[in-house]
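Each residue of the sequence shown is one higher than the one before, counting from 299 in the numbering used here.
Backbone N, C-alpha and C fix where the C-beta goes; we use that ideal spot for every residue, glycine too.
One structure below.
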Amino acid sequence: MIRELIVLDNPNPYARRIEYYDNDVLIGYLDYSHIYDRIEIDNFFVNEDKRGKGIGKKLLSYLVVIAINNHVVNMTLEVRISNEIARNLYKSFGFREVALRKFYYGDEDGILMEKQVM
Ligand SMILES: CC(C)(COP(=O)(O)OP(=O)(O)OC[C@H]1O[C@@H](n2cnc3c(N)ncnc32)[C@H](O)[C@@H]1OP(=O)(O)O)[C@@H](O)C(=O)NCCC(=O)NCCS
């Protein structure tokens, strides 16, 4: 089951969250900011023992539907350059790698990825 939340205790007024539950147990979530006509993915996580079962794809698909329904123009995110699993997953959803962010994570470069929705 997927739940949509507005994160009330977050100082970012644009913060939203999608949670994935399996038998009432939270096993994955996607934090994002919905800022007018754009969405930024802030955090995306599936419990290690539940990975590779399609839950990440379900969460991302859900977010794309939210984006379309809300006339969002583009979606962006930063990902560690070493995180090939996530980079491939985003590419399969139509995200393109648009910039290299040197030392974005302090110890590692980040890649800015973008998907045009409209
Ligand atoms: C990225 C993440 C959320 C994906 O969640 P998931 O539930 O495992 O994703 P899915 O099962 O839907 O798999 C989606 C794709 O990821 C890739 N993938 C998933 N697990 C993989 C693994 N163990 N090895 C290689 N590729 C893998 C596959 O390409 C898969 O697509 P396919 O089924 O067509 O082959 C999860 O790996 C995670 O929590 N990682 C740690 C946190 C993180 O890196 N977040 C992203 C930060 S930008």
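Self-check item: Cut-off 7 Å between Cβ atoms - residues of its own chain near SER380, not counting five sequence neighbours on either side
Solution: Taken in chain order, the residues that qualify are GLU406.
Self-check item: Where PHE342 falls, given that 16 or more other Cβ within 10 Å makes a residue buried
Solution: The residue is buried, with at least 16 neighbouring Cβ atoms inside 10 Å.
Exercise. Determine the burial state of LEU306: buried for a count of at least 16 other Cβ atoms within 10 Å of its Cβ, exposed for fewer.
Key: The residue in question, LEU306, is exposed, as its Cβ has fewer than 16 Cβ neighbours within 10 Å.
Practice problem: Could you please give me the residues that DSSP links to MET373 through a beta bridge? | Solution: Beta-bridge pairing links MET373 to ILE337 and LYS413.
Quiz item: DSSP on LEU328, reduced to helix/strand/coil?
Solution: Strand at LEU328.
Quiz item: Which residues in the same chain have their Cβ closer than 6 Å to the Cβ of THR374, if we skip the five residues on either side of it in sequence?
Solution: GLU338 and GLU412.
Quiz item: Hey, would you say the C-beta of ARG349 is under 6 Å away from at least one heavy atom of ligand 1?
Solution: Yes, since a heavy atom of ligand 1 falls inside the 6 Å radius drawn around the Cβ of ARG349.
Practice problem: Taking the CB atoms as reference points, tell me whether ILE383 and GLU395 lie closer together than 7 Å. | Solution: Note that the C-beta distance between ILE383 and GLU395 is not below 7 Å.
Exercise. Taking only heavy atoms of ligand 1 into account, decide whether any of them is closer than 6 Å to the Cβ of LYS355.
Key: With a cutoff of 6 Å, LYS355 counts as near ligand 1, since its C-beta is closer than that to a heavy atom of the ligand.
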